[in-house]
Amino acid sequence: MSQVATMAYRGWPNCYRLWNDSVELVVTTDVGPRIIRFGFTGENEFGEFPEHSGQTGGDEFRLYGGHRLWHAPESLERTYCPDNAPVALERQADGVRITQPIEPRTGIQKEMTIALSPADARVQIVHRLWNRNLWAVDLAAWALTVMAPGGTAVIPLPPRLPYPEGLLPTGQLVLWPYTDPADPRWHWGRRHILLHQDATRPSPQKLGASVPDGWIAHVRNERLFVKTFRYIVGEKYPDLGSAVETFTDGRMLELETLSPIARVEPGGVIEHVENWHLWRDIPTPRSDDDVDRDILPALARSQPGAA
Numbered sequence: 041m042s043q044v045a046t047m048a049y050r051g052w053p054n055c056y057r058l059w060n061d062s063v064e065l066v067v068t069t070d071v072g073p074r075i076i077r078f079g080f081t082g083e084n085e086f087g088e089f090p091e092h093s094g095q096t097g098g099d100e101f102r103l104y105g106g107h108r109l110w111h112a113p114e115s116l117e118r119t120y121c122p123d124n125a126p127v128a129l130e131r132q133a134d135g136v137r138i139t140q141p142i143e144p145r146t147g148i149q150k151e152m153t154i155a156l157s158p159a160d161a162r163v164q165i166v167h168r169l170w171n172r173n174l175w176a177v178d179l180a181a182w183a184l185t186v187m188a189p190g191g192t193a194v195i196p197l198p199p200r201l202p203y204p205e206g207l208l209p210t211g212q213l214v215l216w217p218y219t220d221p222a223d224p225r226w227h228w229g230r231r232h233i234l235l236h237q238d239a240t241r242p243s244p245q246k247l248g249a250s251v252p253d254g255w256i257a258h259v260r261n262e263r264l265f266v267k268t269f270r271y272i273v274g275e276k277y278p279d280l281g282s283a284v285e286t287f288t289d290g291r292m293l294e295l296e297t298l299s300p301i302a303r304v305e306p307g308g309v310i311e312h313v314e315n316w317h318l319w320r321d322i323p324t325p326r327s328d329d330d331v332d333r334d335i336l337p338a339l340a341r342s343q344p345g346a347a
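Each residue of the sequence shown is one higher than the one before, starting from 41 at the first, in my numbering.
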């Protein structure tokens, strides 16, 4: 069964460890909302920034590492509001709920409900953005996870069809002004896109995609981390239709999922759910065939009703 206990972690005295017989995660309450650690017992699949560890307070935005919640579309004025203040934590039957104070600059309040499986390497994260303003706000929930360096992101493409059977587009790929498709960290397959994090290449790269299949993955040191989410056909997603985004530079690689943009009335909330899955003994993919052979069978086993 899953358990919860308080602990100190990297200079933050008031953290909470959630664990079962397979995996563990660490939630900070001195800053946040933030999941700073997740992995098999004794391991961390998430990247951390030691220069920020243990720090609290102040008006400077700090990346910290781990998993965080933003609101989209991205803006320097609202997206980079610091999350340097303590958060409230409420224990629940299978996890915790953490709630940030209302952001003074935006009137938005961030909340995460974290539920750890009693026995398996699975976590559900319910992200909520509450509108505490006196007026409606258009936004999307944006869940971002900093992965430990040296890994490879996997983004699935929609099913391919032969011409002239496939006359209409089936998905979007979105580039940023600094995206270089010729950068060797990218591998452009027919069925999947791969992005490798390389500490020797500091220039940033980013890609957005619609991803109707509702998943994005990361492989590092034979550990496969997968986020699954619900893609809602016909809804408007941020950044020209991106339900998934990935970013890398010389220090990290991020896996990001987004909800559709919605108008949130005063006192209302927008919700976005991620389900995390973790497997051992999965080699780093280098091609479509690698993904099909090693990652898709594991993903299929994670679906409800799978044997």
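Built from N, CA and C at the ideal position, the CB exists for glycine as well.
Cβ neighbour criterion (16 or more within 10 Å) applied to residue i
i      : result
Tyr104 : buried
Asp123 : buried
Ala347 : The predicted model places Ala347 with a pLDDT of 45, which falls under 50 and marks its position as unreliable; any figure quoted below should be read in that light. Exposed, because fewer than 16 other Cβ atoms sit within 10 Å of the Cβ of Ala347.
Tyr277 : buried
Gly72  : buried
Phe78  : buried
Gln237 : buried
Tyr49  : buried
Pro302 : For the record, residue 302 in the displayed sequence is Ala; it is not Pro. Buried: at least 16 other Cβ atoms inside 10 Å.
Ser115 : exposed
Pro196 : buried
Phe101 : exposed
Glu205 : exposed
Ala45  : exposed
Tyr56  : buried
Arg263 : buried
Arg108 : buried
Top-ranked residue by Cα proximity to residue i, from the options
i      : options                           : result
Glu130 : Asp220, Met152 and Arg118         : Met152
Thr68  : Gly147, Ile154, Ala133 and Trp110 : Ile154
Phe269 : His111, Thr286, Glu85 and Ser299  : Ser299
Thr139 : Val127, His258, Asn84 and Val266  : Val127
Gln164 : Asn315, Arg320, Asp328 and Leu65  : Asn315
Pro337 : Arg326, Trp319 and Ser327         : Trp319
Ser282 : Trp228, Gly229, Leu234 and Pro113 : Pro113
Arg74  : Asn60, Arg118 and Arg137          : Arg137
Gly97  : Tyr203, Pro141 and Pro209         : Pro141
Under the three-state DSSP convention, the category residue i falls into
i      : result
Ala347 : The predicted position of Ala347 is uncertain, since its pLDDT is 45 and thus under 50; a value taken from the coordinates is nonetheless stated next. Correct three-state label for Ala347: coil.
Glu85  : coil
Asp178 : strand
Val331 : helix
Gly248 : strand
Leu197 : coil
Ala128 : strand
Arg118 : coil
Arg260 : strand
Glu91  : helix
Arg341 : helix
Gly72  : coil
Ala207 : Before going on, a small fix: residue 207 reads as Leu here, not Ala. Leu207 falls in the coil class under three-state DSSP.
Pro53  : strand
Gly281 : helix
Leu103 : coil
Test item: CB-CB of residue i and residue j under 7 Å
i      : j      : result
Arg172 : Gly211 : no
Ala188 : Gly87  : yes
Gly248 : Val214 : yes
Asp279 : Gln245 : no
Leu295 : Leu156 : no
Pro217 : Gly290 : no
Val284 : Val194 : no
Gly51  : Ile76  : no
Arg168 : Glu305 : no
Residue i CB to nearest heavy atom of the ligand ZN below 6 Å
i      : result
Ala133 : The ligand ZN is absent from the structure shown, which contains no ligands of any kind.
Sheet register partners of residue i (DSSP bridge)
i      : result
His167 : Met152 and His312
Ile133 : A small correction: the amino acid at residue 133 is Ala; Ile does not occupy that position in the sequence shown. Beta-bridge pairing links Ala133 to no other residue.
Lys267 : Ile256 and Trp316
Leu293 : Met187 and Thr288
Arg231 : DSSP output for Arg231 lists no bridge partner at all.
Ile138 : Leu129 and Met152
Met47  : Cys55
Neighbour flag for residue i against chain B, beta carbons, 7 Å
i     : result
His92 : In the displayed structure, chain B is absent; only one protein chain is listed.
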